[in-house]
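Working notes, structure below.
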Amino acid sequence: MTTTAPFSYLDTPTAAPLSITELMSGAYNLLEYAAVTAGEQVLILAEHGTDPVVIQAIAAAAAYRNAEVHVLSTPPFSAGGWDRATPSPLLSAAHAAADAVLSLTWWSEVHTAPLFFNEVAKQRARFVSLHQTATAAALSTGARFPLELYLALEAKTYAQISAAEEIRVTTALGTDVTFRDFTTGSPVSGHTSAPVTAGMWRPFPYGGANFSPDQTDGVVVIEESTVTGVPAERTTLELKDNRVTAIHGGAAADLRRYAPDGYYMRHALIGLNPKVRSAGGTQFEREKHAGAFYFGIDGLTPQGTVDRAAPGHAHCDCQFDRPTITLDGRPFVDNGNLLLLDDPEIRELAGKFGPADILLDPNPRLVLPPRYSR
1 MTTTAPFSYL DTPTAAPLSI TELMSGAYNL LEYAAVTAGE QVLILAEHGT DPVVIQAIAA
61 AAAYRNAEVH VLSTPPFSAG GWDRATPSPL LSAAHAAADA VLSLTWWSEV HTAPLFFNEV
121 AKQRARFVSL HQTATAAALS TGARFPLELY LALEAKTYAQ ISAAEEIRVT TALGTDVTFR
181 DFTTGSPVSG HTSAPVTAGM WRPFPYGGAN FSPDQTDGVV VIEESTVTGV PAERTTLELK
241 DNRVTAIHGG AAADLRRYAP DGYYMRHALI GLNPKVRSAG GTQFEREKHA GAFYFGIDGL
301 TPQGTVDRAA PGHAHCDCQF DRPTITLDGR PFVDNGNLLL LDDPEIRELA GKFGPADILL
361 DPNPRLVLPP RYSR
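In UniProt numbering, the protein residues as written are 1 to 374.
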């Protein structure tokens, strides 16, 4: 296997102390998204390797709102939740006492049993996760995109997805997969196009429309995944009736070991944020870029059944940077270009914050100036 992206925060650069000034617009949007208010108990859940400047920026943004700020540093979580012995029960206790949790871990906490989606839903806390995006680069790019403008993109996307019966995704490398019988959003992440509410989990930077299919058929050529990184040799998945029926190629053995009971298609997401980085970003940062796509396959139970109410402990996200996506045959993404960015109503709303041509330009080199972030 060939991995071209960092594997943890230990493998990513840290920011210079003075760069905190460049992070505050993104940190402001994070706190706005989490709807943090004065007097609330805010838990910042960091890893031992999380950039201190990023932690300081987010803590300062919370403190500026007169929230009670608490920072808890934890060992890293495991990829896809494979290590069932983690995390410590201390995290669940702190989570239960918080009004808002801002998670700065590398691998997503909701792939673990103690912090899985159903556990998040039991608590009063609003939970926002910066998995692989608790970096200065992410806070100074995609996190600056105006929240109101993003929510408008999300609302229009969900309206179109919800009205469709079939979503087809193809790529230049040979992926051709079709999703049917899907539900949009999730009971925990929701898709109300509004800030996070009690018992809800959302990723940050905000970036995509999620759906969960019950029928998936086709062939996938893996470009990058949680388990394989970027495969050195061509690796393919065959899917039928929402199950992975065959795995071929160089990384096939790694994938089989990761989920010995087999895989099913758990969910998928279409990226919507034009200011999230594509080039240079981590996998879970790039998935949110406007026009990107990813899906998550997860482990079946030992009985070979699907259980979406619990973690599969083998969650494998597969990333596609430049897909073509159609909804009932109608173009929605063309070779990585989100066509919704040309919607007249979206462009009119963008003008509220600055020039639409700048705000909606998906070129990751054109970093949004802070003055256009809100």
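Backbone N, C-alpha and C fix where the C-beta goes; we use that ideal spot for every residue, glycine too.
Practice prompt. Indicate the three-state DSSP secondary structure (helix, strand or coil) for G296 in the structure shown.
Written response: Here G296 sits in strand by DSSP.
Item to complete: For C275, name the three-state secondary structure that DSSP assigns.
Response: First, the amino acid is wrong: residue 275 is Lys here, not Cys. Coil.
Worksheet item: In three-state DSSP terms, what is V110?
Response: helix
Worksheet item: Once you ignore the five residues that flank L327 on each side, which residues in its own chain have a CB closer than 7 Å to its CB?
Response: Q160, I161, A164 and I167.
Practice prompt. Classify H95 as helix, strand or coil using the three-state DSSP reduction.
Written response: If DSSP states are grouped into helix, strand and coil, H95 belongs with the helices.
Discussion item. I need the straight-line Cα distance from A121 to P331, nearest angstrom please.
Written reply: Approximately 35 Å, taken between the alpha carbons.
Worksheet item: Which value, in whole angstroms, describes the spacing of the CA atoms of S108 and V219?
Response: Roughly 27 Å separates the two Cα atoms.
Worksheet entry | N29 - DSSP class collapsed to helix/strand/coil | Look at N29 here: in three-state DSSP terms it is helix.
Worksheet item: How many whole angstroms separate the CB atoms of D214 and D181, which I take to be in contact at a CB cut-off of 8 Å?
Response: 4 Å
Practice prompt. Tell me whether the beta-carbon of I20 lies closer than 8 Å to the beta-carbon of A59.
Written response: no
Worksheet item: So which of T226, T305, G250 and N273 has the shortest CA-CA distance to W82?
Response: The shortest C-alpha separation from W82 is found at T226.
Discussion item. Report the CB separation of L153 from L340 in whole angstroms; it is logged as a contact under 8 Å.
Written reply: 6 Å
Worksheet item: Going by the beta-carbon positions, is the gap between L72 and S103 smaller than 8 Å?
Response: Their beta carbons are not under 8 Å apart, which means L72 does not touch S103 by this criterion.
Worksheet item: By the 10 Å Cβ neighbour count, where 16 or more other Cβ atoms means buried, how is D11 classified, buried or exposed?
Response: With fewer than 16 Cβ atoms within 10 Å of its Cβ, D11 is classed as exposed.
Item to complete: Could you tell me whether the region 15-34 touches the region 135-144, where touching means 3 or more Cβ pairs closer than 8 Å?
Response: yes
Worksheet item: Can you tell me whether DSSP reads H191 as helix, strand or coil?
Response: Model confidence at H191 stands at a pLDDT of 49, short of 50, so the residue's coordinates are unreliable; what they give is reported in the following sentence. Coil, per DSSP.
Worksheet item: Which residue from G281, L300, F145 and G329 puts its Cα closest to that of A134?
Response: G281
Item to complete: Answer yes if the region 271-278 comes into contact with the region 287-307, meaning at least three C-beta pairs across the two stretches below 8 Å, and no otherwise.
Response: As far as the Cβ criterion goes, the region 287-307 touches the region 271-278, which means the pair count is three or higher.
Worksheet item: For the region 291-302 against the region 251-267, are there 3 or more C-beta pairs whose distance is under 8 Å?
Response: Contact between the region 291-302 and the region 251-267 is present, because at least three Cβ pairs lie under 8 Å.
Discussion item. Pairs of beta-carbons, one from the region 31-50 and one from the region 86-100, closer than 8 Å: are there three or more?
Written reply: yes
Discussion item. Quick check on S19: does DSSP put it in helix, strand or coil?
Written reply: helix
Worksheet item: Can you tell me the Cα-Cα spacing of V345 and A356, whole angstroms?
Response: In the sequence on display, residue 345 carries Glu and not Val. So the two alpha carbons sit approximately 11 Å from each other.
Fill in: Opening and closing residue of the alpha helix (DSSP H) in which R257 lies
Where R257 is concerned, the enclosing alpha helix (DSSP H) stretches over A252 to Y258.
Fill in: G174 versus L239 - alpha carbon distance
14 Å
Worksheet item: Three-state secondary structure (DSSP) at S225?
Response: DSSP places S225 in strand when its eight states are reduced to three.
Worksheet item: Under a three-way DSSP split, which group does G199 fall into?
Response: coil
Practice prompt. Look at the alpha carbon of R144 and the alpha carbon of V306, and state the distance between them as a whole number of angstroms.
Written response: 38 Å
Discussion item. For a test of the three-state rule: what should DSSP assign to V53, helix, strand or coil?
Written reply: helix
Worksheet entry | Beta carbon of L31 nearer than 8 Å to that of A61 | yes
Discussion item. Suppose you measure from the CA of V54 to the CA of F204; what does that come to, to the nearest Å?
Written reply: 14 Å
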